Structures are given as structure tokens and as C-alpha cells.
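**Q**
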Amino acid sequence: MPSQEPNKKMENFFKPVGEAVEEIEHENSTNEGLTKTGVEDAEGHPVQEIESLCMNCGKNGVTRMLLTSIPYFREVVLISFECPHCGFKNNEIQPASTIQEKGSKYMLKVEAKEDFNRQVVKSETATCKFVELDIEIPPQRGQLTTVEGLLQEMLEDLSNDQPKRKIIDRETFQKIDDFISKVKSYINCDRGRLPFTFILDDPAGNSWIEYKPGEPTHKWSHTEYLRSDEQNVAIGLMTQDQLEQKKVLEEASAPYLKASGFLSDSTDIENFNNEVQTFVASCPSCGQEGCETHMKPVNIPHFKEVIIMSTNCDKCGYKSNEVRTGGAIPDKGRKITLFCDEPQEDLSRDILKSETCKMEIPELHLDVQEGTLGGRFTTLEGILKQVYDELHSRVFTATSDSMDEATKNNWIQFFNNLKQALEGKTKFTVIMTDPMAGSYIQNIYAPDADPNMTIEDYERTEAQNEELGLNDIKVDTEPEEKDQDKK
Numbered sequence: 001m002p003s004q005e006p007n008k009k010m011e012n013f014f015k016p017v018g019e020a021v022e023e024i025e026h027e028n029s030t031n032e033g034l035t036k037t038g039v040e041d042a043e044g045h046p047v048q049e050i051e052s053l054c055m056n057c058g059k060n061g062v063t064r065m066l067l068t069s070i071p072y073f074r075e076v077v078l079i080s081f082e083c084p085h086c087g088f089k090n091n092e093i094q095p096a097s098t099i100q101e102k103g104s105k106y107m108l109k110v111e112a113k114e115d116f117n118r119q120v121v122k123s124e125t126a127t128c129k130f131v132e133l134d135i136e137i138p139p140q141r142g143q144l145t146t147v148e149g150l151l152q153e154m155l156e157d158l159s160n161d162q163p164k165r166k167i168i169d170r171e172t173f174q175k176i177d178d179f180i181s182k183v184k185s186y187i188n189c190d191r192g193r194l195p196f197t198f199i200l201d202d203p204a205g206n207s208w209i210e211y212k213p214g215e216p217t218h219k220w221s222h223t224e225y226l227r228s229d230e231q232n233v234a235i236g237l238m239t240q241d242q243l244e245q246k247k248v249l250e251e252a253s254a255p256y257l258k259a260s261g262f263l264s265d266s267t268d269i270e271n272f273n274n275e276v277q278t279f280v281a282s283c284p285s286c287g288q289e290g291c292e293t294h295m296k297p298v299n300i301p302h303f304k305e306v307i308i309m310s311t312n313c314d315k316c317g318y319k320s321n322e323v324r325t326g327g328a329i330p331d332k333g334r335k336i337t338l339f340c341d342e343p344q345e346d347l348s349r350d351i352l353k354s355e356t357c358k359m360e361i362p363e364l365h366l367d368v369q370e371g372t373l374g375g376r377f378t379t380l381e382g383i384l385k386q387v388y389d390e391l392h393s394r395v396f397t398a399t400s401d402s403m404d405e406a407t408k409n410n411w412i413q414f415f416n417n418l419k420q421a422l423e424g425k426t427k428f429t430v431i432m433t434d435p436m437a438g439s440y441i442q443n444i445y446a447p448d449a450d451p452n453m454t455i456e457d458y459e460r461t462e463a464q465n466e467e468l469g470l471n472d473i474k475v476d477t478e479p480e481e482k483d484q485d486k487k
């Protein structure tokens, strides 16, 4: 259709950096100055260079580019510039993917000298914080560096102006000199300095701290969060004018929303279901007081009421999201089987997977055990994408170099099949078995029966009751039964 042509042009113009770099080698006619150096990374990606202007002296230098993949993370573009005339050098890293749906916060406990060598991908929107040192590095250019590299670069920037400060402001010079000595003592791992906490916060979700397999959560953790409007402005997803307009509309509509019951006073118990309840307790990660847990009941049509819970600790950055079902414990477990013969439509079905639910997709050889992923209320596409992203980033990419060929091919086939399912190109069957009957797949034909979905209730085994702690539950008998016992 002609109306779609401008959109296609815009899509081609705003391509991710990674796609643009990959296409460069196929555009020799328009990029005559771009040449391959003959150097490649471990995955075979070529290092390319092009003559470019030096912003320091105005003469021409050389820019080298490499599209590569970082284990446990994603693809990035490494850019290096060097001018042979004035000696100016500059290194930069850019994400090869788009801005992520959520922001990311990484936490690393630096406990030994080797932790200073952890790789760090810091995008231009990321903030670095060293808690015990009371240091915060604001968003700057993107870098591929290490924990020690960040600190050394900061020390170098501070040291450059020290000779001038010594003449102009002796007091400030002494304070900065003491601070530089303090940071160096941390880098040298002097007694009593370690451990300390390093936090990398990126609202664009394109930063990363190197992960070592099997590390406990107190050592390394990664949480995702929804960006605020101010953060969307900072990364360019929203303009300042749009933010101001949104605030004006919210202020203007607030009295009407409050009158209609969408917003209520915190003491109004009648509007409990229309507002988010907040509880303050100790953090399960760091143990500090002041950790907030937000809770809201949500009624799922043709199912039951569930409780969505979100916990956030400002002290250590711990975050968790889970869904719990309300109501009484059912007498039987439940098995739901859905045959997805129209994958494009079925992928948009709402799905509630409780933490006691096991999910299987035989055609994809996928088996998600109880407790994996926790409680999730999302879509079928959302839960499959989460499985794909977590497995691909934490298992396949990191261990591919040490895999034997047969295992590697099996993983490649598995991810290809899962990707085909996510793109709606293959039919598959979803089987959800929940002994607590707290899981759900949306019936798009409701209130009529879904021809592609079967629901079976089954008796729990004694082992399942014991594992769920149901054998130890004691309840009072009915009044009639008590009277009969007395007689």
C-alpha cells in the first residue's frame, strides 16, 4: 500500500547499530573508504577501518569498528579512533540492539583483587555508583572496560587538574588528594577496605557487569525496572515538552479520577481493590529496614482473583515481582492442555503461571519445572520470550566455546525451534500441570468452551501434599460434626 511506504523508509533509516554495521561490507559502492584490516574476533567478525576527521587537530585519523558478541550479554559495536598526527585516541562502545523494554540495574560485591578485572559494559546512559566510596559517575560516553578501569579513569581525570588546584585552592587540593589516596587503597586491596558494592544502573537496559556462573545473588545480581517519565526523557524516548504536557493532563484529570473511584484516600478501605497497597518491611536480600512491597488484587475473568506483588529495596537494589493466587486451596490439582494451531493469535493469550506450576511444550522439547521463573502473569509470547532470553544469554552464549559439536548443534536447533514458535511459524502444544490449580490460560471463546483447550482436575499424590505442606494443615471441623462427636 502506498501509505505504508514512508513507514518503511523510516524503519530503514532508524536501523539498530548492529544491523547497520553488518550491512556496511555489502555497500562497497557507497562506502569506498571502508576497508577490512584482516583481523577478526573469536566468532569471525571482521575489524573494519575508515578514515575520519580528528576533532582534536582537524586532520584525518583512523576509526576501527568491530561488531562482536559479549557472553551473557548481547551484541555490541566497539569503536576505536586514533590520530597519527596529534596522538589523540578515543574508544567507545555502542549497543547493537535497540533500547530495551525495561531499565537494568546490576550489583557486584567486590570482595577480592580478581573482582576488579570484571568486564563492564557501560552505555552512554548508565550511572556507576561505588556505595562505600560515596562515588557516583554520571552518564558519559559508552565504554567497554573493567571495574578497576572505571576507577583508574576517574582518578586520572581528578589528577590532571591537581597542579592548578595546588596553586589556586590549597584546601580543595588536599581534600581531593586524600580522596585519591583512599580510592587507591581500595584498588590495592588494603586491609579493611574490601568488600565494597558497585552498582551499575542503566535506564536504557544496555549495560552489563560480567557474570561468573554459579555466583550467589549477594555477590552478583541483576534486576529490571520500569522507567520513570524523567528517565524516558533522559534516554530520548520522550521529549521534555511531552512530559510537561502529560503532567498538566494528570493534574487536570486527578479530581475526576478520584471522584470516580480510580484513586482513593489511603484510609478508604472500600476502595481496596482499586489502589495499590504498600507495606514496609526488612529487605530479604540485605536485611535493611524500609524495603517496600507493593500489592494489588486483580480479578482475572472466568478464573479467580490473583495478587500481584512487587518488592523494591532502595538500599541494595533488590527487586522481585511475583503473582499469587487468592482464595481457598483447591481439593484437586489441575492440568491445562492448549493446542496452538493458530500461533499468531494464540501467542497473545493471557497466561498465569504460578510458582507451583510445571510447563511443557513437547514439540519444542521445552520443560519448565516448578519454581522456575516464579509466578508470572503475562502472555504466552511473553513467557516464551523470557525462557528464550534467559537461556540464550546465560547458557548458550557463555558456554558455546567449551561445548562439543553435537551439544552445540542441539542447542542451536532448540533455539531455532523456539524462535520459530515465537514468530508464529510452527504449531505446538502447551501443557501446564499445577497441583495447586493456580494457573490459567485465557479462553478466547469464553463463556463457551475452547475447542483447542482441555482442562483436567486430578487427585494430588501424598508426596505432592507433603511437598506443598498440606498434610500439616489442621482446620476446625464443622459445628454439626462437633455436635456428633460430643454425642
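Per UniProt numbering: the sequence shown = residues 1 to 487. Note that CB positions come from ideal geometry on N, CA and C, so glycine has one too. The structure displayed is predicted, hence computed values, not measured ones.
#1: Going by C-alpha distance, which of ASN90, SER439, HIS365 and GLU370 is nearest VAL306?
#2: May I have a chain-ordered list of the beta strand (DSSP E) segments no shorter than 3 residues that lie completely inside the segment 373-456?
#3: Within this structure, are the beta carbons of LEU151 and VAL120 separated by less than 8 Å?
#4: Count the other C-beta atoms from every protein chain shown that fall within 10 angstroms of the C-beta of ASN443, then say buried if there are 16 or more, exposed otherwise.
#5: Tell me the DSSP secondary structure of LEU108 in three-state form.
#6: Count the C-beta pairs between the segment 152-164 and the segment 100-109 that are closer than 8 Å, then say yes if the count reaches three, no if not.
#7: What would DSSP say about ASN232, mapped onto helix, strand or coil?
#8: Quick check on ASN60: buried or exposed, where buried means 16 or more other Cβ atoms within 10 Å of its Cβ?
#9: Can you find the residues in the same chain that come closer than 7 Å, C-beta to C-beta, to ASP367, ignoring five residues on each side of it along the sequence?
#10: Note down, in chain order, each residue of its chain lying with its Cβ closer than 8 Å to the Cβ of GLU459, except the 5 sequence neighbours on either side.
#11: For VAL298, which residues in the same chain have their Cβ closer than 8 Å to its Cβ, ignoring the five residues on either side in sequence?
#12: Could you check if LYS353 is buried or exposed, using at least 16 other CB atoms within 10 Å of its CB as the buried criterion?
#13: Comparing alpha-carbon positions, which option in THR454, MET65 and LEU53 lies nearest CYS86?
#14: VAL110 and PHE179 - do their beta-carbons sit closer together than 8 Å?
#15: So which of PHE116, GLN140, LEU133 and ASP115 has the shortest CA-CA distance to THR127?
#16: Out of PRO362, CYS357, ILE167 and SER282, which has the shortest C-alpha to C-alpha gap to LEU373?
#17: Smallest Cα separation from ASN91: which of ARG64, ALA112, LYS113 and GLN100?
#18: Would you say SER123 and ASP201 are within 8 Å of each other, going by their C-beta atoms?
#19: Can you tell me whether GLU355 is buried or exposed, with buried defined as 16 or more other CB within 10 angstroms of its CB?
#20: In its own chain, which residues sit with a C-beta less than 6 Å from the C-beta of CYS189, not counting the 5 before and 5 after it?
#21: When burial is assigned at 16 or more other CB atoms within 10 Å of the CB, is ILE441 buried or exposed?
#22: Using only the alpha-carbon positions, how far apart do PRO213 and CYS291 sit?
#23: DSSP on GLN277, reduced to helix/strand/coil?
#24: Quick one: is GLY469 buried, meaning 16 or more other Cβ sit within 10 Å of its Cβ, or exposed?
#25: Got a sec? Which residues, its chain only, sit under 7 Å from ARG118 by beta carbon, not counting five neighbours each side?
#26: Roughly how many whole angstroms lie between the Cα atoms of VAL77 and GLN48?
#27: When DSSP labels each residue in this structure, what does GLU49 get in the three-state scheme?
#28: Where ALA421 and LYS247 are concerned, what is the direct C-alpha to C-alpha distance, given to the nearest angstrom?
#29: Does the Cβ of ASN416 have 16 or more other Cβ atoms within 10 Å, making it buried, or fewer, making it exposed?
#30: Tell me which residue opens and which closes the alpha helix (DSSP H) that TYR225 is part of.
#31: State the Cα-Cα distance for the pair THR337 and PRO362, rounded to the nearest angstrom.
#32: Name the two residues that bound the continuous beta strand (DSSP E) containing PHE179.
#33: Among PRO330, PHE198, CYS286 and PHE339, which one has its Cα closest to the Cα of CYS313?
#34: Using only CA atoms, which one of ALA406, SER221 and GLN245 lies nearest to ASP229?
#35: In angstroms, rounded to a whole number, what distance separates the CA positions of GLU467 and VAL323?
#36: Cα separation between GLU171 and GLN162?
**A** The structure says:
#1: Your numbering for residue 306 matches position 306 in the sequence shown. For VAL306, the nearest C-alpha among the options comes from SER439.
#2: Listed in chain order, they are 376-379 and 428-434.
#3: Along the sequence shown, read from residue 1 onward, the residue named residue 151 stands at position 151. Along the sequence shown, read from residue 1 onward, the residue named residue 120 stands at position 120. Taking 8 Å as the Cβ cut-off, LEU151 and VAL120 do not qualify as a contacting pair.
#4: Taking the sequence shown and counting its residues from 1, the one referred to as residue 443 is at position 443. By the 10 Å Cβ count, ASN443 comes out buried.
#5: Position 108 of the sequence shown holds residue 108. LEU108 falls in the strand class under three-state DSSP.
#6: Cβ pair count under 8 Å is below three, so no.
#7: As a working mapping, residue 232 is identified with position 232 in the sequence shown. ASN232 falls in the helix class under three-state DSSP.
#8: Residue mapping note: residue 60 aligns to position 60 of the sequence shown, counting from 1. Result: exposed.
#9: Taking the sequence shown and counting its residues from 1, the one referred to as residue 367 is at position 367. Cβ within range, chain order: GLU360.
#10: The sequence position of residue 459 within the sequence shown is 459, counting from 1. Excluding sequence neighbours, GLU459 sits near LYS332 and GLY333.
#11: Your numbering for residue 298 matches position 298 in the sequence shown. Excluding sequence neighbours, VAL298 sits near GLU305, VAL306, ILE307, ILE308 and PHE377.
#12: For this step, residue 353 is matched to residue 353 along the sequence shown. Buried, by the Cβ-count rule.
#13: Locating residue 86 in the sequence shown gives position 86, counting from the first residue. Ranking the options by Cα distance to CYS86, first place goes to LEU53.
#14: In the sequence shown, residue 179 corresponds to position 179, counting from 1. In the sequence shown, residue 110 corresponds to position 110, counting from 1. No, the pair does not count as a contact, with Cβ atoms beyond the cut-off.
#15: Reading the sequence shown from its first residue, position 127 is the one you call residue 127. It is GLN140 whose Cα lies nearest to the Cα of THR127.
#16: If you number the sequence shown from 1, residue 373 lands on position 373. Checking every option, the nearest Cα to that of LEU373 belongs to CYS357.
#17: The count along the sequence shown starts at 1 and reaches residue 91 at position 91. Nearest C-alpha to ASN91: ARG64.
#18: Counting from one through the sequence shown, the residue named residue 123 turns up at place 123. Counting from one through the sequence shown, the residue named residue 201 turns up at place 201. No, the pair does not count as a contact, with Cβ atoms beyond the cut-off.
#19: Here residue 355 is taken as the residue at index 355 of the sequence shown, counted from 1. Label assigned to GLU355: buried.
#20: Residue numbering aside, residue 189 sits at position 189 when the sequence shown is read from its first letter. Excluding residues within five positions, the ones whose Cβ falls inside 6 Å are LYS113.
#21: Position 441 of the sequence shown holds residue 441. It counts as buried.
#22: For the purposes of this step, residue 213 is taken as the residue at position 213 of the sequence shown. For the purposes of this step, residue 291 is taken as the residue at position 291 of the sequence shown. Looking at the two C-alpha atoms, the distance is approximately 28 Å.
#23: Translated into positions along the sequence shown, residue 277 becomes position 277. The answer is strand: DSSP assigns GLN277 an E or B state.
#24: Taking the sequence shown and counting its residues from 1, one reaches residue 469 at position 469. Exposed, because fewer than 16 other Cβ atoms sit within 10 Å of the Cβ of GLY469.
#25: The count along the sequence shown starts at 1 and reaches residue 118 at position 118. Taken in chain order, the residues that qualify are LEU108, THR146, VAL147, ILE209 and GLU210.
#26: Position 77 of the sequence shown, counting from 1, holds the residue named residue 77. Position 48 of the sequence shown, counting from 1, holds the residue named residue 48. The alpha-carbon atoms of VAL77 and GLN48 are separated by roughly 11 Å.
#27: Taking the first residue of the sequence shown as position 1, residue 49 is located at position 49. GLU49 falls in the strand class under three-state DSSP.
#28: Locating residue 421 in the sequence shown gives position 421, counting from the first residue. Locating residue 247 in the sequence shown gives position 247, counting from the first residue. It is roughly 41 Å from the alpha-carbon of ALA421 to the alpha-carbon of LYS247.
#29: Position 416 of the sequence shown, counting from 1, holds the residue named residue 416. Exposed, by the Cβ-count rule.
#30: Locating residue 225 in the sequence shown gives position 225, counting from the first residue. Element bounds for TYR225: not the alpha helix (DSSP H) but the beta strand (DSSP E), 220-225.
#31: Here residue 337 refers to the residue found at position 337 when the sequence shown is read from its first residue. Here residue 362 refers to the residue found at position 362 when the sequence shown is read from its first residue. Approximately 11 Å, taken between the alpha carbons.
#32: Looking up residue 179 in the sequence shown gives position 179. That residue, PHE179, is in no beta strand (DSSP E); its alpha helix (DSSP H) goes 170-187.
#33: For this step, residue 313 is matched to residue 313 along the sequence shown. CYS313 has its Cα closest to that of CYS286, out of PRO330, PHE198, CYS286 and PHE339.
#34: Position 229 of the sequence shown, counted from the first residue, corresponds to residue 229. Of the candidates ALA406, SER221 and GLN245, the one whose C-alpha sits nearest the C-alpha of ASP229 is GLN245.
#35: As a working mapping, residue 467 is identified with position 467 in the sequence shown. As a working mapping, residue 323 is identified with position 323 in the sequence shown. Pairing GLU467 with VAL323, the inter-Cα distance amounts to about 20 Å.
#36: Within the sequence shown, residue 171 is the residue found at index 171, counting from 1. Within the sequence shown, residue 162 is the residue found at index 162, counting from 1. If you take the alpha carbons of GLU171 and GLN162, they lie about 11 Å apart.
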